[in-house]
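Residue numbers are given in the UniProt record's numbering: position 103 of the sequence shown equals residue 103, and the series is strictly consecutive. The C-beta atom is built at its ideal place from N, Cα and C for all residues, glycine as well.
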Amino acid sequence: MVERFEAAGVTPAQVASHLEDGGDRLFAAAASGGEDWAAPFGGERAVALISAEVSALMSHLVARAASVRSVCVDALLEEFSAVTVAGALGVARQKVYELARASVDPEYLTTTPWRRHE
């Protein structure tokens, strides 16, 4: 995998910088409609590789948030009926049971790249 990035001239610092802004600069450039918008980032190949990393991080964070929600829904079901929980969360009763099935995976990132913890 590293070879692909090296072949495209993408450094770890470049990837980190785009992970830190969640892909904001790449999106703004792509949305601008400019003809050579990808050039400042190393070209289309580099942008495609970097965007895949941003996408992977965001997918991971979505899964992490969903796991936190599932733990909370499971706890709520211990105290309240599924109908009550569904109404409070704005989801169907059947969805409540589905949401409560997952658990927190210890392999999830503990912090986001843009958050600095002491």
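Exercise for the section: Excluding the 5 residues preceding and the 5 following L49 in the sequence, name in chain order all residues of the same chain whose CB lies nearer than 7 angstroms to its CB. Expected result: R4, F5, A8 and V10
Exercise for the section: Would you mind stating whether V54 and V73 have Cβ atoms separated by less than 8 angstroms? Expected result: no
Handout entry: Cβ-Cβ distance between R93 and A82 below 8 angstroms
Key = yes
Problem - CA-to-CA distance, R45 to D24, given in whole angstroms - result: 18 angstroms
Handout entry: 8 angstroms Cβ shell around V91 - same chain, five flanking residues per side excluded
Key = L99
Handout entry: Closest by C-alpha distance to A102, when choosing among A88, E20 and R64
Key = R64
Problem - Residue closest to A52, alpha-carbon to alpha-carbon, out of E35, L76, M1 and E107 - result: M1
Practice task
Count the other CB atoms, across all protein chains shown, that sit within 10 Å of the CB of V62; report buried if there are 16 or more and exposed otherwise.
Solution key: exposed
Practice task
Pick out whichever of L76, H18, T112 and V85 has its Cα sitting closest to the Cα of G42.
Solution key: H18
Handout entry: CB contact flag (W114, E35, <8 angstroms)
Key = no
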